[in-house]
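The letter at position 210 of the sequence shown is residue 210 when you use the UniProt record's numbering, and the numbering goes up by one with no holes. Ideal Cβ positions, reconstructed from N, Cα and C, are used throughout, including at glycine. Here the structure is a predicted model, which is why all the values come from computation and not from measurement.
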Amino acid sequence: MLKSIARAVVRKVIDRAADLVPPMLDPRLRSQRMNLPAIDRAAHVLKGKPRVLVCVGSGLSAESGVPTFRGPGGIYSDEEIAHLTHVDTFETDREHMLRWYQERREQLHSIHPNPGHHALIGLSQTGEYTVSTQNVDHLLEAASDAAGFRPRIYHLHGSLLSVRCHQCDYEVEDLHLDLSKQPGCPKCGGPLRPGVVWFGETLPEDALEKSMEVARNADVCLILGTSGLVYPAAALPETARRHGATLIEVNPHLSALSDISDVVIRGKTGEVLPVLLRRVQDLNQD
Numbered sequence: 001m002l003k004s005i006a007r008a009v010v011r012k013v014i015d016r017a018a019d020l021v022p023p024m025l026d027p028r029l030r031s032q033r034m035n036l037p038a039i040d041r042a043a044h045v046l047k048g049k050p051r052v053l054v055c056v057g058s059g060l061s062a063e064s065g066v067p068t069f070r071g072p073g074g075i076y077s078d079e080e081i082a083h084l085t086h087v088d089t090f091e092t093d094r095e096h097m098l099r100w101y102q103e104r105r106e107q108l109h110s111i112h113p114n115p116g117h118h119a120l121i122g123l124s125q126t127g128e129y130t131v132s133t134q135n136v137d138h139l140l141e142a143a144s145d146a147a148g149f150r151p152r153i154y155h156l157h158g159s160l161l162s163v164r165c166h167q168c169d170y171e172v173e174d175l176h177l178d179l180s181k182q183p184g185c186p187k188c189g190g191p192l193r194p195g196v197v198w199f200g201e202t203l204p205e206d207a208l209e210k211s212m213e214v215a216r217n218a219d220v221c222l223i224l225g226t227s228g229l230v231y232p233a234a235a236l237p238e239t240a241r242r243h244g245a246t247l248i249e250v251n252p253h254l255s256a257l258s259d260i261s262d263v264v265i266r267g268k269t270g271e272v273l274p275v276l277l278r279r280v281q282d283l284n285q286d
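Below is the structure:
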């Protein structure tokens, strides 16, 4: 009993000591020292309880090791990516397509949320946050489960975890189903496919409409790790800006949305967001 109490006291002392460490000695802050002015501006925009639309791109999940199948060292060329992600390929090269998607589905077993995911869920508890994501990995949901809090999350491009029929409305979340074996639908016998949105298909109407509604009423639009080139997802920040929202971009690279953003933070989301969360929390305590 006494040992348990002693351990608890020690933990509290250590936690308190960590709180007293000068900010610039915190490794996360040290790595972002050049961004601190922009992070501080963003934190002042996000303090209080604003209505925030978060537009998420692949940059958020890249730091979790989600494979980038294109680019230097990529497994596939840009031409192959375009081929394998188009709806027409399901009819002309189904075996190759499903084998590629099954490989991506199996990768989900070994990836986990990174500090950017966890910090975003932390931020979402400081205001009225809605997340509109182009990612299909559900890492945000995993981070939400760990925190015991989940904001509204709309998946514009569907989900790799789910499988649906190409002919009827059958859909199930089953990461263990092997799509490379080209299974048939238990309801109608039609071909099963990943629950993602392919090029040549329309986005989920409900997710897009609700995201647009949030964009029209948001105080802030937080843009994370997206190039801003893929529409209609890229129209969300533009819509938010037209309706008076302040735009904050976090991206290590210049994007199509950088010029219209009010605050631009050049860095990886996994490094920037934990620092931003800490600053917002500090401001909300003042």
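Same chain, Cβ closer than 6 Å to residue i, neighbours up to 5 away in sequence not counted
i      : result
Leu229 : Ala256
Leu123 : Leu277
Arg11  : At Arg11 the pLDDT is 38, less than 50, meaning the model places this residue with poor confidence; the figure from the coordinates comes in the next sentence. Excluding positions up to five away in sequence, the list is empty.
Val87  : Trp198, Gly200, Glu201
Pro50  : Gly127, Asp219, Val220
Arg99  : Ser180
Gly73  : Only weak support is given to the placement of Gly73: the predicted model assigns it a pLDDT of 45, under 50, and the value that follows is read from those uncertain coordinates. Correct list: empty, nothing qualifies.
Ala119 : Leu273, Pro274, Leu277
Leu25  : Residue placement at Leu25 is flagged as unreliable, the pLDDT there being 41, under the threshold of 50; the coordinate-derived value follows with that caveat. Counting only Cβ-Cβ distances below 6 Å, and skipping sequence neighbours, we find nothing.
Lys187 : Cys168, Tyr170
Boundaries (first-last residue) of the beta strand (DSSP E) holding residue i
i      : result
Glu201 : Segment: none, Glu201 is in no beta strand (DSSP E) and carries neither H nor E.
Ile248 : 246-250
Ile223 : 220-224
Val264 : 263-265
Arg152 : 152-155
Thr130 : 128-133
Residue burial classification, residue i (beta-carbon count within 10 angstroms, cutoff 16)
i      : result
Lys268 : buried
Val21  : Any reading at Val21 must be qualified, since the residue scores a pLDDT of 35, below 50, and its modelled position is unreliable; the value itself is stated next. Val21 is exposed by the Cβ-count criterion.
Cys168 : exposed
Thr246 : buried
Asn231 : For the sequence presented, residue 231 should be read as Tyr rather than Asn. The residue in question, Tyr231, is exposed, as its Cβ has fewer than 16 Cβ neighbours within 10 Å.
Asp286 : exposed
Ala62  : buried
Glu271 : buried
Asp137 : buried
Ser261 : buried
Ala146 : exposed
Glu79  : exposed
Gly189 : exposed
Ser110 : exposed
Leu254 : exposed
Gly48  : exposed
Arg242 : exposed
Residues of its chain near residue i, where Cβ-Cβ distance is below 8 Å and the 5 sequence neighbours each way are ignored
i      : result
Ala142 : His112, Pro113, His117
Gly158 : Val136, Pro194, Gly195, Val196, Val197, Pro204
Leu102 : In the sequence on display, residue 102 carries Gln and not Leu. The answer, listed in chain order, is Asp178, Leu179, Ser180.
Ser144 : Ile121, Arg150, Pro151, Ile153
Ser211 : Leu53, Thr130, Ser132, Tyr154, Leu156, Leu236
9 Å Cβ cutoff, residue i in contact with chain B
i      : result
Gly189 : Here there is only one protein chain, and chain B is not present.
According to DSSP, residues forming a beta bridge with residue i
i      : result
Glu162 : Checking the sequence, you will find Ser at residue 162 rather than Glu. Ser162 pairs with Glu173.
Thr239 : DSSP output for Thr239 lists no bridge partner at all.
His86  : Phe199
Pro191 : Gly184
Beta-carbon proximity list for residue i, same chain, < 7 Å, skipping 5 on both sides
i      : result
Val264 : Ala38, Glu249, Ser258
Asp19  : Because the pLDDT at Asp19 is just 40, under 50, the model does not fix this residue reliably, and the point stays unresolved.
Arg279 : Ile39, Asp40, Ala43
Thr89  : His83, Met97
Leu177 : Val163, Pro183
Endpoints, the alpha helix (DSSP H) within which residue i is located
i      : result
Val54  : From DSSP, Val54 is part of no alpha helix (DSSP H) but of the beta strand (DSSP E) over 51-56.
Glu91  : 89-92
Ala147 : 139-147
Val274 : The sequence as given places Pro at residue 274; Val does not occur at that position. 269-285 is the span of the alpha helix (DSSP H), which, as asked, contains Pro274.
Ile121 : 115-124
Ile39  : 36-46
Ser61  : 59-62
Practice task
Please confirm if the region 182-189 is in contact with the region 200-212, defined as three or more CB-CB distances below 8 Å between the two stretches.
Solution key: no
Exercise for the section: Flag this pair as touching only if the region 205-217 and the region 172-181 have three or more C-beta atom pairs under 8 Å; answer yes or no. Expected result: no
Handout entry: the region 41-49 / the region 93-112 touching (three or more Cβ pairs under 8 Å)
Key = no
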